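Asker: Quick note: the first sequence uses the working numbering, first residue 37, plus one each step.
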Amino acid sequence: MPPPVVRMPPSPTGWFHVGNARTMLFNWLYARHTGGRVVLRFEDTDRVRSTEEAITQAEDVLRWLGIDWDDGPHRQTQRLDLYAAAAADLVERGLAYPCYCTAEELAAERERRQAEGRPLVYSGRCRSLTPEERRAREDAGLAHVIRLVMPAEGTTAIEDVVRGHVEWENALQGDHVIFRSDGTPTYLFANPFDDIRMGITHVVRVEDLLPSTPRQLAVYAALDAAPPTYAHLPMVLGTDKKKLSKRHGAVSVEEFRDRGVLSQALVNYLALVGWSYDDHTTVMTVPELIERFTLERVNPSPGVFDPEKLEWLNGEHLRALPPEEFAAALQDYLARTGSPLAARPERVAEAAPIVQEKLRTLGQFEGFAGFLFGPVTTDPDAWARVEADPAASQSLGAARETLAGVDRWDAETIHAALAAACAREGLKPRVLYMPIRVAITGRTVAPGLYESLELLGRDESLRRIDAALGRLTG
RNA sequence: GCCCCCAUCGGCUAGCGGCCUAGGCCCCCGCCCUUUCAAGGCGGUAACACGGGUUCGAAUCCCGUUGGGGGUACCA
Numbered sequence: 037m038p039p040p041v042v043r044m045p046p047s048p049t050g051w052f053h054v055g056n057a058r059t060m061l062f063n064w065l066y067a068r069h070t071g072g073r074v075v076l077r078f079e080d081t082d083r084v085r086s087t088e089e090a091i092t093q094a095e096d097v098l099r100w101l102g103i104d105w106d107d108g109p110h111r112q113t114q115r116l117d118l119y120a121a122a123a124a125d126l127v128e129r130g131l132a133y134p135c136y137c138t139a140e141e142l143a144a145e146r147e148r149r150q151a152e153g154r155p156l157v158y159s160g161r162c163r164s165l166t167p168e169e170r171r172a173r174e175d176a177g178l179a180h181v182i183r184l185v186m187p188a189e190g191t192t193a194i195e196d197v198v199r200g201h202v203e204w205e206n207a208l209q210g211d212h213v214i215f216r217s218d219g220t221p222t223y224l225f226a227n228p229f230d231d232i233r234m235g236i237t238h239v240v241r242v243e244d245l246l247p248s249t250p251r252q253l254a255v256y257a258a259l260d261a262a263p264p265t266y267a268h269l270p271m272v273l274g275t276d277k278k279k280l281s282k283r284h285g286a287v288s289v290e291e292f293r294d295r296g297v298l299s300q301a302l303v304n305y306l307a308l309v310g311w312s313y314d315d316h317t318t319v320m321t322v323p324e325l326i327e328r329f330t331l332e333r334v335n336p337s338p339g340v341f342d343p344e345k346l347e348w349l350n351g352e353h354l355r356a357l358p359p360e361e362f363a364a365a366l367q368d369y370l371a372r373t374g375s376p377l378a379a380r381p382e383r384v385a386e387a388a389p390i391v392q393e394k395l396r397t398l399g400q401f402e403g404f405a406g407f408l409f410g411p412v413t414t415d416p417d418a419w420a421r422v423e424a425d426p427a428a429s430q431s432l433g434a435a436r437e438t439l440a441g442v443d444r445w446d447a448e449t450i451h452a453a454l455a456a457a458c459a460r461e462g463l464k465p466r467v468l469y470m471p472i473r474v475a476i477t478g479r480t481v482a483p484g485l486y487e488s489l490e491l492l493g494r495d496e497s498l499r500r501i502d503a504a505l506g507r508l509t510g
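1) Expressed to the nearest angstrom, what Euclidean distance is found between the alpha-carbon atoms of Ala-424 and Trp-445?
2) Can you tell me whether Gly-510 sits near the ligand NAP, meaning its C-beta is under 6 Å from at least one heavy atom of the ligand?
3) For His-353, count the other beta carbons within 10 Å of its own beta carbon; 16 or more makes it buried, fewer makes it exposed. Which is it?
4) Please state whether DSSP places Phe-409 in a helix, a strand or coil.
5) Starting from the C-beta of Leu-408, find all residues in its chain whose C-beta is less than 8 Å away, skip the five residues before and the five after it, and write them out in chain order.
6) According to the Cβ coordinates, are Pro-40 and Phe-78 closer than 7 Å?
7) For Ala-440, I'd like the list of residues in its chain whose CB is within less than 7 Å of its CB, leaving aside the five on either flank, ordered along the chain.
8) Determine which residues share a DSSP beta bridge with Thr-166 and list them.
9) Please state whether the Cβ-Cβ distance between Thr-220 and Thr-317 is less than 7 Å.
10) Suppose you measure from the CA of Glu-461 to the CA of Pro-426; what does that come to, to the nearest Å?
11) With Ala-435 and Ala-457 assumed to form a contact (beta carbons below 8 Å), what rounded beta-carbon distance in angstroms separates them?
12) Report yes if the C-beta distance between Asn-63 and Val-97 is below 7 Å; otherwise report no.
13) On the premise that Leu-298 lies in contact with Ala-405, defined as a C-beta separation below 8 Å, what is that separation, rounded to the nearest angstrom?
14) Taking buried to mean at least 16 other C-beta atoms within 10 Å of its own C-beta, is Glu-347 buried or exposed?
15) Go to Leu-269, then tell me how far its beta strand (DSSP E) extends in each direction, as first and last residue.
16) Name the DSSP beta bridge partners of His-53, please?
17) By Cβ distance, which residues of its chain are closer than 6 Å to Ala-139, with the 5 residues on each side in sequence left out?
18) Figure out for me which residue from Thr-438, Val-467, Arg-466, Asp-443 has the closest Cα to the Cα of Leu-454.
19) In the DSSP assignment, what are the bridge partners of Asp-221?
20) By Cβ distance, which residues of its chain are closer than 6 Å to His-451, with the 5 residues on each side in sequence left out?
21) As a quick exercise: from Glu-402, Val-84, Ala-226, pick the residue whose alpha carbon is nearest that of Gln-112.
22) Does DSSP put Ala-188 in a helix, a strand or coil?
23) Would the segment 246 to 260 and the segment 321 to 333 be scored as touching if the rule is three or more Cβ pairs under 8 Å?
24) Among the residues of its own chain, which have a CB less than 8 Å from the CB of Trp-100, if the five just before and after it don't count?
25) Determine contact between the segment 227 to 246 and the segment 367 to 376, defined as no fewer than three beta-carbon pairs at a distance below 8 Å.
26) With C-beta atoms as the reference, is Gly-310 less than 7 Å away from Pro-270?
27) Name the two residues that bound the continuous alpha helix (DSSP H) containing Cys-458.
28) If you draw a straight line from the alpha carbon of Glu-88 to that of Val-412, how long is it in whole angstroms?
29) Roughly how many angstroms separate the alpha carbons of Pro-471 and Arg-421, rounded to a whole number?
30) Under a three-way DSSP split, which group does Phe-362 fall into?
31) Taking Cβ positions, are Val-242 and Val-213 nearer each other than 7 Å?
32) Keeping to the same chain, check which residues put their C-beta closer than 8 Å to that of Val-54; ignore five residues upstream and five downstream.
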């Protein structure tokens, strides 16, 4: 069997959300797993809604995700001549015909059918126009679309890789529009036409396109081409089980990138919506995904996108990074998002090791390590805990004295000294340390205390403890 | 209205007739790690939508019901 050819056909009409990314990913994983080829094709025939920005954005997002392509990017608007020639040929052969019905006539027809409880399909009225009638309409200056002749009887069926046998009644399809009155092709035509011309063997797309399959198969038949293998993926839903949209909060790939989600983590997460490797494997690298991905293991039921699991998974990927790579990713992230912290790469590099275990996203770095870059900003809730602690000033006093007397300023020595102070004061470490942590980091959730002190330096640490002491007693 | 798809814990899922008194992960809740914690460890709550079949045996197969989703455009 020749290697499969798949395509990624984004329509550049808006932002690229995680659902689109998931579809592209499955196509890509399938091709890379099987040694097949990936074609990138922008379906921009909708001139009104397609934008140049969306095209740039889509390419950018795909590149960031590490999803590459072997052919393209093609653009349907640059292939208009091809479609037009094909249309003329179809009309010539009687497989398609011009339709002069107005929007009002069509609406009235639909209403009538609705009332009669019949399917809302076009009656095919213009199909039987005589050449004279056609000429009369042309002469009257009536605009026309081109419709494809659908079989009046019988059924159309596919053996979908994820759904099995699916069948439609041809009579229920209606002659659909394949060319608009401005001469441009609709999705229903351009998409299968290009799939044929580009040698696409596997159409891997979301299930909302499933109902359009019989109409596309009619294009294959009209063009005398062999149909592809179909795999209809389950939808990616928002928490309300509805199609993903902006209402659902952060759902664009870029938003997650800006929050500090690693592309490999997003890819890993997305692979798990609608697909699984086995009953227990969750964390996987991209090469592992490529090696393990098969369409047969795609699950037919829709899935809800869960940002919390994505963040957890991102934490896993962050921790799995070698320290230097983690530091590099961090610096890169800070620079890209325009963080002022990026101006001090040495400091970032020093801070990286003490936060790597803590972060779920790179975006949390500032909250964890900001205290190392400038004056502390104290969290009110954290300070309230200090004030409520009767042993706070005792702890801070003991810490001040201990730290001032430490002979070597490194985490190990600090650790030993503070442990001794706990014993001396008769305080549990958690009690003694809490006020110190708040004093130097301004928060109760922070990197390890000893490492934090070491990096902050003795002078600044003592200054902050003194300040806290002063604020507590004064 | 008509057509199509889907149906296991709150979420993602494993399960393709007996291995299931249904497993894993996220979330949540406890406990532990004589340092917080969003890290780590241990433990816990929690599901086969319902009704009929088929079968010695059904989460798994069939039919129906209900529920959810999608489509029904000169959007893709």
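Even glycine gets a Cβ: it sits at the ideal position worked out from N, Cα and C.
Note that the structure is predicted; figures quoted are calculated from it, not measured.
Answerer: Inspection of the coordinates gives the following:
1) Cα to Cα, the separation comes out at about 30 Å.
2) Of the ligands one can find in the structure shown there are none, so the ligand NAP has no counterpart to examine.
3) Buried, since its Cβ has 16 or more Cβ neighbours within 10 Å.
4) Looking at Phe-409 - three-state DSSP - the assignment turns out to be coil, as it is neither helix nor strand.
5) Here the set comprises Arg-383, Glu-386, Ala-387, Ser-488, Leu-491, Leu-492.
6) No.
7) If we look at Ala-440 and ignore the five residues flanking it on each side, its Cβ neighbours are Leu-498.
8) Thr-166 is not bridged by DSSP to any residue.
9) No, Cβ-Cβ distance for Thr-220 and Thr-317 is not below 7 Å.
10) Linking Glu-461 to Pro-426 through their CA atoms gives a straight-line distance of about 14 Å.
11) Between Ala-435 and Ala-457 a beta carbon distance of about 7 Å is seen, short of the 8 Å cut, so the two are scored as contacting.
12) No. Outside cutoff.
13) Contact annotation, Ala-405 with Leu-298: C-beta distance approximately 18 Å; criterion of less than 8 Å not satisfied.
14) Buried, since its Cβ has 16 or more Cβ neighbours within 10 Å.
15) Where Leu-269 is concerned, the enclosing beta strand (DSSP E) stretches over 265 to 269.
16) Paired residues: Ser-288.
17) Sequence-distant Cβ neighbours of Ala-139 in its own chain, meaning closer than 6 Å and more than five residues away, do not exist here.
18) In this structure, Thr-438 is the residue among Thr-438, Val-467, Arg-466, Asp-443 with its C-alpha nearest to the C-alpha of Leu-454.
19) Checking the sequence, you will find Pro at residue 221 rather than Asp. Within the DSSP secondary-structure output, Pro-221 pairs in a beta bridge with Phe-215.
20) Correct list, in chain order: Tyr-486.
21) Nearest of Glu-402, Val-84, Ala-226 to Gln-112, Cα basis: Ala-226.
22) Look at Ala-188 here: in three-state DSSP terms it is coil, with no helix or strand label.
23) Taking a contact to require three or more Cβ pairs closer than 8 Å, the segment 246 to 260 and the segment 321 to 333 do not qualify as touching.
24) Result list for Trp-100: Val-289, Arg-293, Ser-299, in chain order.
25) These segments do not touch.
26) A Cβ-Cβ contact shorter than 7 Å links Gly-310 with Pro-270.
27) For Cys-458, the enclosing alpha helix (DSSP H) begins and ends at 447 to 461.
28) Roughly 44 Å separates the two Cα atoms.
29) About 8 Å.
30) Under the three-state reduction of DSSP, Phe-362 is assigned to helix.
31) Inclusion of Val-242 and Val-213 in the CB contact set at 7 Å is not warranted, their separation being larger than that value.
32) Cβ within range, chain order: Val-272, Leu-280, Val-287, Ser-288, Val-289, Phe-292, Leu-302, Leu-306, Phe-341.
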